[in-house]
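What follows is one structure encoded as structure tokens, with my remarks underneath.
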């Protein structure tokens, strides 16, 4: 359930702690401390206060912020013994549908990481595709203790920001979302291309691609909703697939068999989850172009 | 061994029949009849004479031209009991490396076709990719007897033309070859892109792609040789893959990870095996275009 | 002064007639008749009522709608003896700044037209560039009496629609405006190009071009306002000019002298004044592309 | 008249001196000295020998190489009192068709330059457009005496190289020529665009453009000959103009009036006279692209 900042400013403290207690996993004390500093003019200020509450906490308590976090694709997760938000976030990243081999890989990494740093590997899963997750895991496992402590706390804050943004609305909202969108222009007719089937796949590996969106262009040549929006765009390689041949056939064009352009694929990478990625297809039956638009 | 038309015009008839006897499978009589009409000013005239020899032959003999042909991916082929040229042609089309299921599929089609028309399915395999071969086979199996007789003889002539073009050089050469080529332009630096890894794959099905060429661009942004040349370009869907990200990294550009453009893929179809298909990549680190060039 | 439809529905009839009297030149009787049919749910309904009032009027009165119109760039116009709206409209089209030769040309056309059809040449000047105006004038002068009567009345309604749209706001507004816009993308940096000088010129003839807008791209690579908007886009040939070389120099790029791309010009035509014309520039220092976008 | 290097190697010295005497203006002694060093394996070696003859000459004689040169668009030139080659070169650059004002401007620059440096302004006119010529003149007038001495001798050698390349053919030819070419691709039909009118103009100033080539595309979408070839491409800003609208009309397309694309213009600059500039137009009726190709 979502709160309006104004309501939150005046609600009984107990309700506020109940509402925001889960923003930091197993650490309601952050919400508790923050609630004493109300009212807040902007959501950003509310989050800043939470950050400060964390920074002001004694070392032991700060450390519980890390140790309290569930492992990635870990046994508790599989057994459902982790916080509801974590379950949802890991599921959204497909971590609940891993092969046995992948689970084993994560188990090894988790064990190695905990042995090395004394707390579980923490990452904001919503900002990563599966390949990026493993790349990041391996890279951070090789980092220094000091760097990892910093990385872990930074990720805890990223996770908290996204959870808070979903809970509280109002002025000065947190920028935790990016956008991935497309549109199709028909340069042979000079019109937006309507009714083109569009598919977005995340390229997990040379042999695995997962379709993450399937839709069709509207009269304006755009999709009614962004392909990915209202959340970070996971760091990953993607492939956009357009049914251009079917579009031209439907328009009554006389195409050779096979047509020169049938399913057009655009491969591109996303490195900035909070960025705007507009990847258009400007096409005729015999040529096309794309670019990172705005 | 390749003959010059002039030599052929003056050589002993026996040698000519020996040289051209295999142009029409198991039908040296075509070379025999043709040799009596020498000299020929152009290779085209020589082939025209062969065509006329076929047209002038009695029905029974013409029919042997069809019945004498080996089945596609058939038992004789697998047992090596077919003409050397046929072995090479079927191998080039990958018909010697089919899965058991595919062999079975061909066996069924061959049997059905022979039962229906009384002669084996004949097609100029050099003009087809594997998917197109099966599509064509299924389509022709559904044709009328009259149409199939015409189709089969037309394919016999196509096969003969390609064999003859490989055997005899000189004026008025036969047009039996197409070309598939590419080049890469770097619009950020205004120079041809040198050292870009290029791969051409034939898309056999949604799950199978076979790499048919692997090379690198030269100082002119082109490949030293066409990706496919000196032969028909098999009717098929293709994917060109360019190592653009590696090219930019090698040039010292500072790219995000993953880069927006890493391996760029261009999918296109070839419907005219004797056509010229120039498919360039005009690219910067943040956009690209392609088109059917000349 | 602009009216809200609601107010208009309930205002004293005299005020309404005063407000809308000039929508049809020298014909307050249209507003008079229309005002009796209030209230109107939508502006479109109000205009429909005006159209019907015209259609219902006796022939003599309908004809005054045409005869009452001022000549294009005619003597009365130059002497300021025409309705305020007409003065503004003709001035906006540059008809108050014609050379003597051009005035003479219009005088001849006006005289010939009036002699042939018995009423002045009427056209919605806001929908035409100067070249189109003369082309249209010459073409219509060659038309049949019946066709011209229809054309003239259609133009009277177009003029009225634009005037009404400017006078009355509310639900169901009339579609009398088009839009001409652009944006600039930098495919070498993958960002919108900010600070690019943009100029839009109307190509009047091989030797004359009139700058109609001069601006600069913002952080989103767009112009803060459309180059032409809130009105019909005059039918004409246009040239967009972009200071791309200066943009690259400002970005610190090391360009040759002269640079390959300095002032980039895009020439295009507008044939549909109520249409949306988005004409982007997607450019690197060594190449660019444009297309009719949406 | 053109010589073959072999002939030149064995011809009587007097003939050689007669043939090459004018390569260095009013300095047959260079050819004289060079002729003694025959035979030459490559044209480059011949030119190297000429360069060395100049370098080995006493200061007084070297200076005559500069003082002997005619002024640019100077009185002697206008009076025809300069070497035939110089007349042709200056005419090709349009220096014989200057306005009185332009002649005056050159007279002032010539006088100022000679007063400052003691020898006339020398530049290889074939490498410059008119605007570049004046820009260069003004810039060099501001240079140091030492730099100008170097510049002047470098230009004398450039002029000599071009003259020699025209006189002597054979192995190791001198690279004194660049190339400017184009081609037109129709991405709506997937074919080269045949019969497109192409015009190349040199942009001399904001108000003056001089057409330097006028032709039409052939069946391959190219022009039969490069727009500029076999000589340096003058340093200048250019505009290519393509009759795309007429091409589409001729193809029977139903275009709006005016069409979105009618005469397409591409503006670009040439900074490297010996470079290859391929500037294609890849177009459909509603969009186009260009880039510096190879």
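Protein chains in written order, with UniProt numbering: chain A, 1 to 294; chain B, 1 to 294; chain C, 1 to 294; chain D, 1 to 294. Backbone N, C-alpha and C define an ideal beta-carbon position, used for all residues, glycine too.
- Residues of the region 20 to 51 of chain C with a C-beta atom less than 9 Å from some C-beta of chain D do not occur.
- Under the Cβ distance rule, residue 136/A does not count among the residues neighbouring chain B, no pair being separated by less than 8 Å.
- DSSP, reduced to helix, strand and coil, places residue 128/B within a strand of the structure shown.
- Shown here for residue 293/D: same chain residues with a beta carbon closer than 8 Å to its own, the five before and five after excluded, namely 278, 279 and 280 in chain order.
- Under the 8 Å Cβ criterion, the region 105 to 118 of chain C counts as touching the region 136 to 155 of chain C, having at least three qualifying pairs.
- In the three-state reduction of the DSSP assignment, residue 236/C falls in the strand class, which pools E and B.
- Apart from sequence neighbours up to five positions away, the residues of its chain that approach residue 225/C with a beta-carbon distance below 8 Å are 215, ordered along the chain.
- Counting along the chain, residue 45/A sits inside the alpha helix (DSSP H) bounded by residues 43 to 56.
- Within 8 Å of the CB of residue 282/C, the CB atoms of chain B belong to 287, in sequence order along the chain.
- Taking a beta-carbon distance threshold of 8 Å, residue 242/B does not count as an interface residue toward chain C.
- The alpha-carbon of residue 204/A is positioned some 9 Å away from that of residue 132/A.
- According to DSSP, residue 213/B shares a beta bridge with 200/B.
- Between the region 160 to 174 of chain C and the region 16 to 23 of chain C, the count of Cβ pairs shorter than 8 Å is three or higher; the stretches touch.
- Ranked by how close their Cα comes to the Cα of residue 88/D, the residues 113/D, 125/D and 75/D have 125/D in first place.
- Fewer than three pairs of CB atoms, one per stretch, sit closer than 8 Å, so the region 250 to 262 of chain D makes no contact with the region 228 to 236 of chain D.
- Residue-level contact by beta carbon fails for residue 234/C and chain D, as no gap is shorter than 8 Å.
- Taking a Cβ-Cβ threshold of 7 Å, the residues of chain B close to residue 258/A are 237, 269 and 271, in chain order.
- Taking a C-beta distance under 8 Å as the contact criterion, residue 209/A and residue 227/A do not qualify as a contact pair.
- Just so you know, the alpha carbons of residue 81/C and residue 12/C end up roughly 30 Å apart.
- CA-to-CA, the gap between residue 248/D and residue 185/D works out to about 12 Å.
- The continuous beta strand (DSSP E) containing residue 278/C extends over residues 276 to 278.
- For residue 182/D, the closest Cβ of chain B is not nearer than 8 Å.
- Between residue 146/C and residue 117/C, the C-beta gap is not smaller than 8 Å, which leaves the two residues out of contact.
- If you check the CB distance, residue 190/A and residue 47/D do not come in under 8 Å.
- Residue environment for residue 150/B: exposed (fewer than 16 other C-beta atoms within 10 angstroms of its C-beta).
- Sequence-distant Cβ neighbours of residue 28/C in its own chain, meaning closer than 7 Å and more than five residues away, are 17 and 21.
- Proximity to residue 187/A across 291/C, 230/C and 198/C peaks at 291/C, based on C-alpha coordinates.
- Using a CB distance cut-off of 8 Å, residue 215/B does not count as an interface residue toward chain D.
- Contact with chain A is absent for residue 223/C, since none of that chain's Cβ atoms lies less than 8 Å from the residue's Cβ.
- Residue pairing for residue 7/B: DSSP places it in no beta bridge.
- By a beta-carbon distance limit of 8 Å, residue 182/C contacts residue 198/C. Their separation comes to about 6 Å.
- Just so you know, the alpha carbons of residue 195/D and residue 240/D end up roughly 15 Å apart.
- For a cut-off of 8 Å, the C-beta gap from residue 66/C to residue 171/C is around 32 Å, too long to register as a contact.
- From the listed residues 206/A, 120/A and 30/A, the smallest Cα separation to residue 77/A is found for 120/A.
- When rounded, the separation of the alpha-carbon atoms in residue 69/D and residue 26/D is 8 Å.
- Listed along chain A, no residue sits closer than 8 Å to residue 70/C by beta-carbon distance, the nearest being about 37 Å off.
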